[in-house]
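Let me begin by presenting the structure, written as structure tokens, before commenting on it.
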Amino acid sequence: MIAEAGLAALWLAASMALLQLIAGLTLLRDGAGQLVPLIKPAAYVQGALSTFAFFALMWLFYDTDLSVLLVANNSHIDKPLIFKLAGTWGNHEGSMLLWVAVLSVSGAAIAFFEKRIDTKTLYATLSVQGFIALGFFAFLLFASNPFERLLPAPIEGAGLNPLLQDVGLAFHPPTLYMGYVGLSVAFSFAVGALLTNQVGPAFARAMRPWVLAAWIFLTIGIAAGSYWAYYELGWGGWWFWDPVENASLMPWLAATALLHSASVLATRNALRAWTIMLALVAFAMSMAGTFLVRSGILTSVHAFAVDPERGAFILALMLMYTGLAFVIFALRIGTVKQGEPFQLVSREGGIVANNILLSVILAVVLIGTLYPLAAEAMGDKISVGPPYFNKATVPVMVLLMLALLIGPMLRWRRDELIRIRYWLIGAAAILLLGAIVAWQLAPDIGLFPLLGIAFSLALAVAAWLPLRGRKLLRTPLPVFGMVIAHFGIAVSVFGMAAESGFSSETLTALAPGENAKVAGWEVKLNDVNPIAGDNWVAVEGDMIAAKNGNQFALHPQSRHFFTPPMQTSEAALLTRWNGQLYAVIAQPDQEGDGRWQVRLWWKPFVTFIWYGALLIAFGGAISLFGRMFRRTKKPTRNRWQS
Amino acid sequence: MKPKHQRLVLALIAVVALVGAGLIAASALREEASYFYTPTTLAAANVAPGKAIRLGGMVQEGSIVRGADGVSITFIVQDQERSQKVAYRGITPDLFVEGSGVVADGRLVPGRVFVADSLLAKHDENYVPKELADIDMSAAAHTKDTLVP
Numbered sequence: 001m002i003a004e005a006g007l008a009a010l011w012l013a014a015s016m017a018l019l020q021l022i023a024g025l026t027l028l029r030d031g032a033g034q035l036v037p038l039i040k041p042a043a044y045v046q047g048a049l050s051t052f053a054f055f056a057l058m059w060l061f062y063d064t065d066l067s068v069l070l071v072a073n074n075s076h077i078d079k080p081l082i083f084k085l086a087g088t089w090g091n092h093e094g095s096m097l098l099w100v101a102v103l104s105v106s107g108a109a110i111a112f113f114e115k116r117i118d119t120k121t122l123y124a125t126l127s128v129q130g131f132i133a134l135g136f137f138a139f140l141l142f143a144s145n146p147f148e149r150l151l152p153a154p155i156e157g158a159g160l161n162p163l164l165q166d167v168g169l170a171f172h173p174p175t176l177y178m179g180y181v182g183l184s185v186a187f188s189f190a191v192g193a194l195l196t197n198q199v200g201p202a203f204a205r206a207m208r209p210w211v212l213a214a215w216i217f218l219t220i221g222i223a224a225g226s227y228w229a230y231y232e233l234g235w236g237g238w239w240f241w242d243p244v245e246n247a248s249l250m251p252w253l254a255a256t257a258l259l260h261s262a263s264v265l266a267t268r269n270a271l272r273a274w275t276i277m278l279a280l281v282a283f284a285m286s287m288a289g290t291f292l293v294r295s296g297i298l299t300s301v302h303a304f305a306v307d308p309e310r311g312a313f314i315l316a317l318m319l320m321y322t323g324l325a326f327v328i329f330a331l332r333i334g335t336v337k338q339g340e341p342f343q344l345v346s347r348e349g350g351i352v353a354n355n356i357l358l359s360v361i362l363a364v365v366l367i368g369t370l371y372p373l374a375a376e377a378m379g380d381k382i383s384v385g386p387p388y389f390n391k392a393t394v395p396v397m398v399l400l401m402l403a404l405l406i407g408p409m410l411r412w413r414r415d416e417l418i419r420i421r422y423w424l425i426g427a428a429a430i431l432l433l434g435a436i437v438a439w440q441l442a443p444d445i446g447l448f449p450l451l452g453i454a455f456s457l458a459l460a461v462a463a464w465l466p467l468r469g470r471k472l473l474r475t476p477l478p479v480f481g482m483v484i485a486h487f488g489i490a491v492s493v494f495g496m497a498a499e500s501g502f503s504s505e506t507l508t509a510l511a512p513g514e515n516a517k518v519a520g521w522e523v524k525l526n527d528v529n530p531i532a533g534d535n536w537v538a539v540e541g542d543m544i545a546a547k548n549g550n551q552f553a554l555h556p557q558s559r560h561f562f563t564p565p566m567q568t569s570e571a572a573l574l575t576r577w578n579g580q581l582y583a584v585i586a587q588p589d590q591e592g593d594g595r596w597q598v599r600l601w602w603k604p605f606v607t608f609i610w611y612g613a614l615l616i617a618f619g620g621a622i623s624l625f626g627r628m629f630r631r632t633k634k635p636t637r638n639r640w641q642s
Numbered sequence: 001m002k003p004k005h006q007r008l009v010l011a012l013i014a015v016v017a018l019v020g021a022g023l024i025a026a027s028a029l030r031e032e033a034s035y036f037y038t039p040t041t042l043a044a045a046n047v048a049p050g051k052a053i054r055l056g057g058m059v060q061e062g063s064i065v066r067g068a069d070g071v072s073i074t075f076i077v078q079d080q081e082r083s084q085k086v087a088y089r090g091i092t093p094d095l096f097v098e099g100s101g102v103v104a105d106g107r108l109v110p111g112r113v114f115v116a117d118s119l120l121a122k123h124d125e126n127y128v129p130k131e132l133a134d135i136d137m138s139a140a141a142h143t144k145d146t147l148v149p
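Chains A and B are the protein sequences, given in the same order.
Here the working numbering is used: the first residue of the first sequence is 1, the next is one more, and so on.
Here the working numbering is used: the first residue of the second sequence is 1, the next is one more, and so on.
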């Protein structure tokens, strides 16, 4: 009964989306129409119905109603409650329903809260939003119905992929989806503003909180995904350039660029066409991300849901939306007047450099991700892995760091490098000193980690300089947000460089009672014990790690799940302020001589990677809070000027 | 820079940057993309030692030999016609067993041994390494339904 109600709600919500689209079209054709006043109410109703459908599905998972095909395929009566609930979106159909529900609620929120843009642009934006939602409702209803019944109902259910039975991962996909959906809202604003000739600061201010929110969610989602891969896969790495990871990185890169150019448009009324283009690209990337992950077209260490038909459906949606958007862009961009001019050496110039370098990285990642698909269509099987991505992106990232050392110090509109000469000399000195120290510590560190250390040190200083000479209590929150986010980048890059430059590893087989050494740590394997959880059994290593007289217990596990049958490694992590000791235990040596394979890493400052990412997201949150709070106050002019 | 040319200049910079990105990507791809081989295609191809490639096939029954250090193994990957010896040092992936499919990343060393840096075995229930999907899985002794831990 609940399943049928959920399905009915989906159909009704789809009809609301259709109503929004038709009303918007009449508005654009005639400038008015009887349906036009219905656009806002339709957005509210659509949001409520989609939310209802999502919670209906969640109830079915909570109840473990095995007569619903999706529940039977992805849940199990023995599963812990949190994973039963997470099962709602831990599968293809449920995750697409979540996508649409968030999209619909965003549409309702725009309809309710947005007061900065004129009514016509708002209606056009809501219509575009309805149009996007319509495509995804069609996808749900015709190609991935989450409420399909199964007769006869099975007794216990198939279970959720054990790799996904992890609290962190339970909240990983929804976080990324929030980001993708936020970018779809930015896209709707961009197309709405293009259609009604309102590309200007007001549109940028309306769009900016959505981009900011999307970007915060993407940042958190990527960081969480990276940490998950780090401890759950047991391979010791934190970024594999896996297609699924790239699918979340590409929208992030586009959103980062968009965030900066939207700021220029909002405060300086420049980079108009540029910002619109980035909004379209950011949405195209989030659609591409959804397509890559959901179609199963890619080889991936953590790809789930494999179905070519659905892939074709999402591909068709992606091509339709982005194709139409680019056609509208081409037809209407002539009407967008050029914004305020600026000199190349200026804050705007720095942000253009940021945008271009991010776009270059995005293009390189996109090519590397799609090239194997193109090659396969030609009959070649190739794979493109970390060597390609590191080689092609890291040099551009170094340039980006260089731009970040200079750009935020420049004034808007026009400036001279000579004005900031003391900082330029200081930055060069920090870079040189950092490189020499890193090289002294580890002569074989490699060029990229060396540059990473040097630049992160310089950036850690540079990030705070925009606050110099300001009265801190009167500094707007977004400036603090920028400073914290840029400092977060320094922290994160430092962690990445230290981990890749200074990690040490020991791989050995130990019998109980034996020792292994890694980077000054002595790790003793006391014993190996069998243990059992709710739906798994495991062998657990009982280890003691000792250094400088301090002793710590480590308990790495190798787990075996029953439904479905599969094994996972649970790495044991010992976190110190200056790094992590990472221990993995494998299944017993099959020779039967009583030894266990053990892999140990000492990873200096590896945690900084994720602390930095949290700082970046926190900076974004402060900025977002400042933007939403500031609306009630009188805007101050030239807020950015120091 | 004259104000009215600003948009043109920016557009040109963007085009140059994107062409640059394409060139960077093309040159890195030429050097770093690794091709996929089965033992049969590897035998036919003239692959330089040291070039990064991937090798996929079935782990031959009875071919896994473990080294005295407990962490080195050698095994033989086979397809219907040929086989290739593989050496690997590390923790073998979950579900890496004789008779199952495997994809190895690595390179040939002189003596026609393939040294693997990483092994990808059948990862979960519903996932077969994509390169192996085209190979006749009926040659596998273990399939999804019969795989025993």
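We treat Cβ as the ideally placed atom computed from N, Cα and C, and that holds for glycine.
Predicted model only: the values in this text are computed from it and were never measured.
By the Cβ-count criterion, A:W11 is exposed, with fewer than 16 other Cβ atoms from all chains shown falling within 10 Å of its own Cβ. Not flagged as an interface residue toward chain B: A:S261, since no C-beta distance is shorter than 8 angstroms. Around A:V364, the beta-carbon contacts reaching into chain B at under 9 angstroms are A21, G22, I24, A25, A28. Residue-level contact by beta carbon holds for A:S359 and chain B, with a gap shorter than 8 angstroms.
When beta bridges are read from the DSSP output, B:Q84 appears opposite B:V77. DSSP lists B:R54 as the beta-bridge partner residues of B:F36. Around the beta carbon of B:A25, 16 or more other beta carbons sit within 10 angstroms, so the residue counts as buried. For A:R332, there are no C-beta contacts with chain B under 8 angstroms, since the nearest C-beta of that chain is about 15 angstroms from it.
Not flagged as an interface residue toward chain B: A:D415, since no C-beta distance is shorter than 8 angstroms. From the listed residues B:L120, B:R107, B:G111, the smallest Cα separation to B:G50 is found for B:R107. Here DSSP, grouped into helix, strand and coil, assigns A:K120 to helix. For A:Q46, the closest alpha carbon among the candidates A:I77, A:L27, A:A14, A:G33 is that of A:A14.
A:I544: member of the beta strand (DSSP E) spanning 536 to 547, first to last residue. Annotation for A:S184: the continuous alpha helix (DSSP H) segment containing it runs 172 to 195.
From the beta-carbon of A:A509, the residues of chain B found nearer than 8 angstroms are D69, G70, V71. Comparing alpha-carbon positions, the option among A:A254, A:M285, A:R421 lying closest to A:L358 turns out to be A:A254.
For A:P604, the enclosing beta strand (DSSP E) starts and ends at 596 to 604. Note on the region 472 to 517 of chain A: whole beta strand (DSSP E) runs with a minimum of 3 residues are 504 to 510, in chain order.
DSSP, reduced to helix, strand and coil, places B:V109 within a strand of the structure shown. In terms of beta-carbon proximity, B:L10 lines the interface with chain A, with at least one pair separated by less than 8 angstroms. The C-alpha of A:E376 is placed about 22 angstroms away from the C-alpha of B:Q80. Any Cβ of chain B closer than 8 angstroms to the Cβ of A:S383 would place that residue at the interface, and such an atom is present. Each of A:L362, A:L402, A:L477 was checked against the Cα of B:G22, and the nearest Cα belongs to A:L362. Fewer than three Cβ pairs drawn from the region 455 to 465 of chain A and the region 543 to 557 of chain A lie within less than 8 angstroms of each other, which leaves the two stretches out of contact.
Taking the C-beta atoms as reference points, A:V537 is found no nearer than 8 angstroms to A:H555. Taking a contact as a CB-CB distance under 8 angstroms, the pair A:L69 and A:R149 counts as one, their CB atoms being some 7 angstroms apart. When secondary structure is reduced to three states using DSSP, A:W577 falls in the coil class, being assigned neither helix nor strand.
Segment contact: the region 29 to 49 of chain B against the region 61 to 68 of chain B, fewer than three CB-CB distances shorter than 8 angstroms; contact not assigned.
Rounded to whole angstroms, B:E32 and A:L141 show a C-alpha spacing of 43 angstroms. With contacts defined as CB atoms closer than 8 angstroms, A:A23 and A:A613 fail to qualify as a contacting pair. DSSP places A:K524 within a strand segment (E or B) once states are collapsed to three.
Remark: C-beta atoms of A:L218 and A:S248 approach each other more closely than 8 angstroms. With the rule of 3 Cβ pairs closer than 8 angstroms, the region 363 to 370 of chain A does not count as touching the region 420 to 438 of chain A. By alpha-carbon distance to A:A8, the top candidate from A:P146, A:G495, A:K120 is A:P146. Using a C-beta cut-off of 8 angstroms, the region 569 to 589 of chain A makes no contact with the region 449 to 463 of chain A, since fewer than three inter-stretch Cβ pairs fall below that distance.
Here the alpha carbons of A:A498 and A:Y321 stand approximately 42 angstroms from one another.
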